[in-house]
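Here's the structure, in structure tokens; my notes come after.
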Amino acid sequence: MEFINEFHKDGSVVHVLNRAFIALIPKVGNPLTMKDFRPISLVCSMYKVLVNRLRKVMNSIIGKLQMAFVKNRQIYDSLIFAEEIIHKWRRDKEGGLIVKLDFEKAFDNVDHDFLDSMMKAVEGLNCLLLQAANISLISGENFNNNKIHITHLQFADDTIFFLKPKDEYLLNVKRILRCFELASGLKVNFHKSCVARVGRELLNEPSDWALIFKCKKASLPIPFLGFPLGGRPGSKTFWETLVDKFDKRLAPWKRRFLTKIGRLVLIKAIISSIPTYFLSVFKISVGIAHRIERIQRNFLWGDSDAKRRLHDVRWADVCNRKGNRGLGIGRILDKNKTLLAKRI
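Numbered per full-length UniProt numbering, the sequence shown spans residues 1 to 344.
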């Protein structure tokens with residue numbers, strides 16, 4: 001309270017509040033250089049007060065196409081919109097282009113004076129793109145009898161465009177990005193960006209739209225927010241990423257150093273985080289759900305392909321809630337149904 005009173009009295013923030021502990025999180029399996037790490041800043045608790053105050057106004061100053069950092073907006077909202085557009089384009093005769101952008105060290109290069117100006121003017125890139133769409137410089141996809149028009153989606157600095165297949169639209173987007181770069185300092189890394197075609201007739205189109213952006217050509221699925229965008233959820237390969245994550249996190253060698261209680265805690269921690277992303281968007285097949293539960297079961301009881309141990313209780317009992325004399329792990333299929341029902 002003393003700090004808050006001083007802030008209201010003097011209108012200044014104590015410099016010591018800007019200090020932070022920095023933790024380096026590896027991006028890859030075997031990090032060798034500083035580029036292989038992601039810095040995470042641990043700030044003081046006073047920022048919690050600032051965040052709680054900002055939370056009340058964030059929804060009114062951040063555009064609806066930006067899904068990050070705003071209450072009641074979820075990361076998978078972007079995925080659902082994107083999948084709907086792709087599904088529509090696959091059926092349409094014309095189809096469309098997906099442009100996935102990668103900004104170079106987005107939060108390091110941005111000009112702080114530009115951030116202050118944009119907070120006063122309300123957003124930057126989003127406003128430029130919306131204005132361009134209003135005057136037909138770019139064209140995206142319409143929904144709900146043309147009441148909703150989507151040209152791009154954003155989650156923090158992850159940006160993806162949905163454009164009609166015309167050279168002029170791509171050129172206009174590139175010009176807008178150049179203007180935004182000059183104003184903000186945010187530069188697009190075109191070597192890591194890509195352009196993908198969607199639509200039956202568009203796949204045979206000879207035009208090379210990737211040359212306009214000088215970026216890579218891609219085909220669906222493409223990775224977006226850790227998700228295989230445009231993949232076929234009915235195929236086994238679509239879920240391989242999820243199964244591989246379980247395999248790595250619940251690797252057999254890890255159980256040697258854990259008791260059964262420790263294994264149970266690890267299984268619960270992983271199942272509460274890893275699959276939620278996928279299961280909130282698509283219905284998982286019974287076969288894939290059983291594969292994941294087999295990995296969990298083998299990790300808990302110490303089974304392997306060569307050796308099977310005696311299980312203390314049935315797996316169905318292990319998955320039951322604690323109130324029903326279970327261990328509270330839960331079934332993958334039940335979790336999937338619950339997460340999908342939340343979207344209704």
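The C-beta atom is built at its ideal place from N, Cα and C for all residues, glycine as well. Here the structure is a predicted model, which is why all the values come from computation and not from measurement.
If you scan the stretch 151-191 from start to end, which runs of the beta strand (DSSP E) of 3 or more residues do you find wholly inside it? Look at the stretch 151-191 and you find these whole runs of beta strand (DSSP E), each 3 residues long or longer: 152-155 and 158-163.
Taking only three categories from DSSP, how would you classify Gly326? Counting from 1 along the sequence shown, the entry for residue 326 is found at position 326. Secondary structure at Gly326: coil, using DSSP grouped into helix, strand and coil.
Pop quiz: Ile292 and Ile332 are said to be a contact at Cβ under 8 Å. What is the actual Cβ separation, rounded to whole angstroms? Start at 1 with the first residue of the sequence shown, and residue 292 comes out as number 292. Start at 1 with the first residue of the sequence shown, and residue 332 comes out as number 332. Yes, Ile292 and Ile332 are in contact; Cβ-Cβ is about 5 Å, under 8 Å.
The beta strand (DSSP E) with residue 370 in it runs from where to where? With the chain covering only 1 through 344, there is no way to say anything about residue 370.
From Asp157 to Leu225, what does the alpha carbon distance come to, in whole angstroms? Here residue 157 refers to the residue found at position 157 of the sequence shown. Here residue 225 refers to the residue found at position 225 of the sequence shown. Approximately 11 Å, taken between the alpha carbons.
Helix, strand or coil: which one does DSSP assign to Arg197? Taking the sequence shown and counting its residues from 1, one reaches residue 197 at position 197. Arg197 falls in the strand class under three-state DSSP.
Does Val198 pass the burial test, meaning 16 or more other C-beta atoms within 10 Å, or should it be called exposed? Along the sequence shown, read from residue 1 onward, the residue named residue 198 stands at position 198. The residue in question, Val198, is buried, as its Cβ has 16 or more Cβ neighbours within 10 Å.
Report all residues from its chain with a CB closer than 8 Å to the CB of Val28; omit the five preceding and five following residues, and keep chain order. Here residue 28 refers to the residue found at position 28 of the sequence shown. Excluding sequence neighbours, Val28 sits near Asp36.
Quick one: what's got a C-beta closer than 7 Å to Tyr169's C-beta in the same chain, skipping five residues either side? In the sequence shown, counting from the first residue as 1, residue 169 sits at position 169. Only Ile138, Ser139 and Leu163 meet the Cβ criterion.
Could you check the C-alpha separation between Lys254 and Trp301 for me, to the nearest Å? Along the sequence shown, one-based indexing puts residue 254 at 254. Along the sequence shown, one-based indexing puts residue 301 at 301. About 13 Å.
Is the stretch 227-238 close to the stretch 269-284, with three or more CB pairs under 8 Å? Judged by Cβ distances under 8 Å, the stretch 227-238 makes contact with the stretch 269-284, as three or more pairs qualify.
What would DSSP say about Gly96, mapped onto helix, strand or coil? By 1-based counting over the sequence shown, the position of residue 96 is 96. The three-state secondary structure of Gly96, taken from DSSP, is strand.
Which residues bound the beta strand (DSSP E) around Ala82? Here residue 82 refers to the residue found at position 82 of the sequence shown. Element bounds for Ala82: not the beta strand (DSSP E) but the alpha helix (DSSP H), Ile75 to Arg91.
According to DSSP, is Arg53 helix, strand or coil? In the sequence shown, residue 53 corresponds to position 53, counting from 1. Here Arg53 sits in helix by DSSP.
Looking at Asp312 and Lys192, is the spacing between their C-beta atoms short of 8 Å? Position 192 of the sequence shown holds residue 192. Position 312 of the sequence shown holds residue 312. In this structure, the beta-carbon distance from Lys192 to Asp312 does not fall below 8 Å.
Can you check DSSP and say which residues form a bridge with Pro223? Against the sequence shown, residue 223 aligns to sequence position 223. In the DSSP output, where bridge partners are listed per residue, Pro223 has Pro228.
Straight-line CA distance for Arg343 to Glu6? In the sequence shown, residue 343 corresponds to position 343, counting from 1. In the sequence shown, residue 6 corresponds to position 6, counting from 1. Going from the Cα of Arg343 to the Cα of Glu6 covers about 45 Å.
Start and end residues, alpha helix (DSSP H) containing Glu293: Stepping through the sequence shown from its first residue, residue 293 is reached at position 293. Val286 to Trp301 is the span of the alpha helix (DSSP H), which, as asked, contains Glu293.
Mark Tyr76 as exposed unless 16 or more other C-beta atoms lie within 10 angstroms of its C-beta, in which case mark it buried. In the sequence shown, residue 76 corresponds to position 76, counting from 1. Around the beta-carbon of Tyr76, 16 or more other beta-carbon atoms lie within 10 Å, marking it buried.
Would you report the Cα separation of Lys217 and Cys194, rounded to the nearest angstrom? Sequence index remark: in the sequence shown, residue 217 carries index 217 (1-based). Sequence index remark: in the sequence shown, residue 194 carries index 194 (1-based). Distance between the alpha carbons of Lys217 and Cys194: 6 Å.
Would you mind reading off the limits of the beta strand (DSSP E) that contains Glu104? Taking the sequence shown and counting its residues from 1, the one referred to as residue 104 is at position 104. Run containing Glu104: none; DSSP gives neither H nor E here.
Assuming Gln154 and Gln66 make a contact with CB atoms under 8 Å, what is their CB distance in whole Å? Locating residue 154 in the sequence shown gives position 154, where the first residue counts as 1. Locating residue 66 in the sequence shown gives position 66, where the first residue counts as 1. Going by Cβ atoms, the distance from Gln154 to Gln66 rounds to 5 Å, so yes, they are a contact pair.
Let's see if you can read the secondary structure: which residues bound the beta strand (DSSP E) around Lys216? Against the sequence shown, residue 216 aligns to sequence position 216. Annotation: the continuous beta strand (DSSP E) that includes Lys216 extends over Lys216 to Ala218.
Residues bridged to Ser45 by DSSP? Residue numbering aside, residue 45 sits at position 45 when the sequence shown is read from its first letter. Note: Ser45 is not bridge-paired with any residue in the DSSP secondary-structure output.
In DSSP terms, what Gln66 is bridged to: Indexing the sequence shown from 1 puts residue 66 at position 66. Answer is Gln154.
Just list the residues that DSSP pairs Leu24 with in beta bridges. Numbered from its first residue, the sequence shown carries residue 24 at position 24. Pro39.
Within 8 Å, strictly: CB atoms of Pro39 and Gly96: Numbered from 1 along the sequence shown, position 39 holds the residue referred to as residue 39. Numbered from 1 along the sequence shown, position 96 holds the residue referred to as residue 96. No, they are not a contact pair.
By how many angstroms is the C-alpha of Leu125 removed from the C-alpha of Lys214? Translated into positions along the sequence shown, residue 214 becomes position 214. Translated into positions along the sequence shown, residue 125 becomes position 125. Near 21 Å, if we compare the C-alpha coordinates of Leu125 and Lys214.
Within the continuous beta strand (DSSP E) that includes Asn142, where are the two ends? Residue mapping note: residue 142 aligns to position 142 of the sequence shown, counting from 1. Per DSSP, Asn142 belongs to the beta strand (DSSP E) from Glu141 to Phe143.
Ala20 and Val43: beta carbons closer than 8 Å? What you label residue 20 is simply residue 20 of the sequence shown in a count that begins at 1. What you label residue 43 is simply residue 43 of the sequence shown in a count that begins at 1. With respect to Val43, Ala20 sits close: the two C-beta atoms are nearer than 8 Å.
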